Each structure stands twice: as structure tokens, then as C-alpha cells.
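Peer 1:
Right, here's the structure in full:
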């Protein structure tokens, strides 16, 4: 096993249901394969329900809730997509504050598909180049972000590094970029 992320703990923030499963499991596996420690964070304890598009898929055990931890407990953040997942998270103050805390602390964040909705709500997209599922484009632009249609976008023009991708088909590029950027965080620390 490679050890690019040895000693790095990565929060994966999700809603109680509506997570696009592959956008959780593939980045999770990528973090583990290079020695990182992923932890599942949600707004509620117990388990979360993932989906394969609109069909229920697997459930996953929550490691911590947004009201019991802070970004100080982690080195980086991954925001999986799915339509319902970020739509719910952006309505929960503790989840939005948790996300914003990573930006305030200068810690890297990776978001895929619809997940940038939560970035819009946290007011952290202004002046940043971001990609997402196309339906989020207008929200990003209205929040002052620069939406681009690319497989993966790595933006270092803010308080932190922000990695974004459009959809599950982009997961290979997304995973590679987040491993490199999260590893860069380790090297700089």
C-alpha cells in the first residue's frame, strides 16, 4: 500500500440519506489505498442511506456528527454528491459551519457533482473556479464562482485548495487530484 496520506484523517460529510454511493465509496477507497484514514460524518448518528441514482443502495455507519466535532479534528474534507445529499446539508447550520471551517482553516476540500451546493451555502465560492453537475452552474455563478466544464478543477486561489468534479464518470480524475492535493497538504504541514 502506498502511504501518500499516512497520518491524514479525511472527513466525508454526508446527509442521513441521498448520497450517491459511488461518490462516497470510490474516494473513500482512494484515501484508504494511500494510507489515509477516512471518517464518515453526518448530521445524525447511526447509519446513512446511500443511493445508486434514485434507487436505494447500501447503508454506512456514521463515525461522528457535525455537532460533536470540528474541522480541527481532520486534515481534509470530501463532499460526495447525489441530489438529495447536498440539498439537505445546505439546510443544516452545523453542516454548513463545518464546511466553512475547513476554508477558514486553510484545509483542502474536494466536492463532486451536486456537492458544490453546500459550498454556495457556506459562501466560499466567490472568486473560485469550480465545476459541478451542470444544474448547479447558475447557483455557483450567482454566488460569485467561475463555473467551468472540466473533468476536475483544482483551485488554489483562495484560503485553501478546492478540488471539484462534475459527475461519477469523473471519479478517476477526482480521486487522483484529491490524493495529490491532500498529500501536498501533508508535505506543507
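In the numbering used here, the protein residues as written are -17 to 171. Backbone N, C-alpha and C fix where the C-beta goes; we use that ideal spot for every residue, glycine too. Only a predicted model underlies this, so the values are computations on that prediction, with no experimental measurement involved.
Between 104, 165, 159, 150, which has its C-alpha nearest residue 7's C-alpha?
Peer 2: The sequence position of residue 7 within the chain shown is 25, counting from 1. The option with the nearest alpha carbon to residue 7 is 150.
Peer 1: Closer than 8 Å by C-beta to residue 152: which residues in its own chain qualify, once you throw out the five before and the five after it? Chain order, please.
Peer 2: The residue labelled residue 152 in the question sits at position 170 within the chain shown. Taken in chain order, the residues that qualify are 94, 133, 134.
Peer 1: Alpha carbons only, please: which of 43, 61, 72, 3 is nearest the one belonging to residue 91?
Peer 2: Indexing the chain shown from 1 puts residue 91 at position 109. Checking every option, the nearest Cα to that of residue 91 belongs to 61.
Peer 1: How long is the line joining the alpha carbons of residue -17 and residue 98, rounded to whole angstroms?
Peer 2: Counting from 1 along the chain shown, the entry for residue -17 is found at position 1. Counting from 1 along the chain shown, the entry for residue 98 is found at position 116. With a pLDDT of only 45 at residue -17, under 50, the local geometry of the prediction cannot be trusted, and the value read off the model is given with reservation. Straight-line Cα distance between these residues: approximately 31 Å.
Peer 1: Going by DSSP, what residue range makes up the alpha helix (DSSP H) through residue 9?
Peer 2: What you label residue 9 is simply residue 27 of the chain shown in a count that begins at 1. 3 to 15 is the span of the alpha helix (DSSP H), which, as asked, contains residue 9.
Peer 1: Could you round the C-beta distance between residue 158 and residue 113 to whole angstroms and report it? I think they count as a contact, below 8 Å.
Peer 2: The residue labelled residue 158 in the question sits at position 176 within the chain shown. The residue labelled residue 113 in the question sits at position 131 within the chain shown. With 8 Å as the limit, residue 158 and residue 113 do not qualify as a contact, their Cβ atoms being about 15 Å apart.
Peer 1: Starting from residue 38, trace the alpha helix (DSSP H) in both directions and tell me its first and last residue.
Peer 2: Locating residue 38 in the chain shown gives position 56, where the first residue counts as 1. Not the alpha helix (DSSP H): residue 38 falls in the beta strand (DSSP E), residues 37 to 43.
Peer 1: Check each candidate in 46, 142, 32 and name the one with the smallest Cα separation from residue 5.
Peer 2: As a position in the chain shown, residue 5 is number 23, starting the count at 1. It is 32.
Peer 1: Considering just the uninterrupted stretch of the alpha helix (DSSP H) at residue 133, what are its terminal residues?
Peer 2: Here residue 133 corresponds to residue number 151 of the chain shown, with the count starting at 1. Careful: residue 133 lies outside any alpha helix (DSSP H) and carries neither H nor E.
Peer 1: Bridge partners of residue 128, per DSSP?
Peer 2: Numbered from 1 along the chain shown, position 146 holds the residue referred to as residue 128. In the DSSP output, where bridge partners are listed per residue, residue 128 has 111.
Peer 1: State the start and end residues of the unbroken alpha helix (DSSP H) segment that holds residue 56.
Peer 2: As a first step, residue 56 is located in the chain shown; it is residue number 74 there, counting from the start. Here residue 56 belongs to no alpha helix (DSSP H), and DSSP marks it neither H nor E.
Peer 1: Within its chain, find whatever has a CB closer than 6 Å to the CB of residue 72; leave out the 5 residues flanking it on each side and keep chain order.
Peer 2: For the purposes of this step, residue 72 is identified with residue 90 of the chain shown, where counting begins at 1. Result list for residue 72: 99, 100, 103, in chain order.
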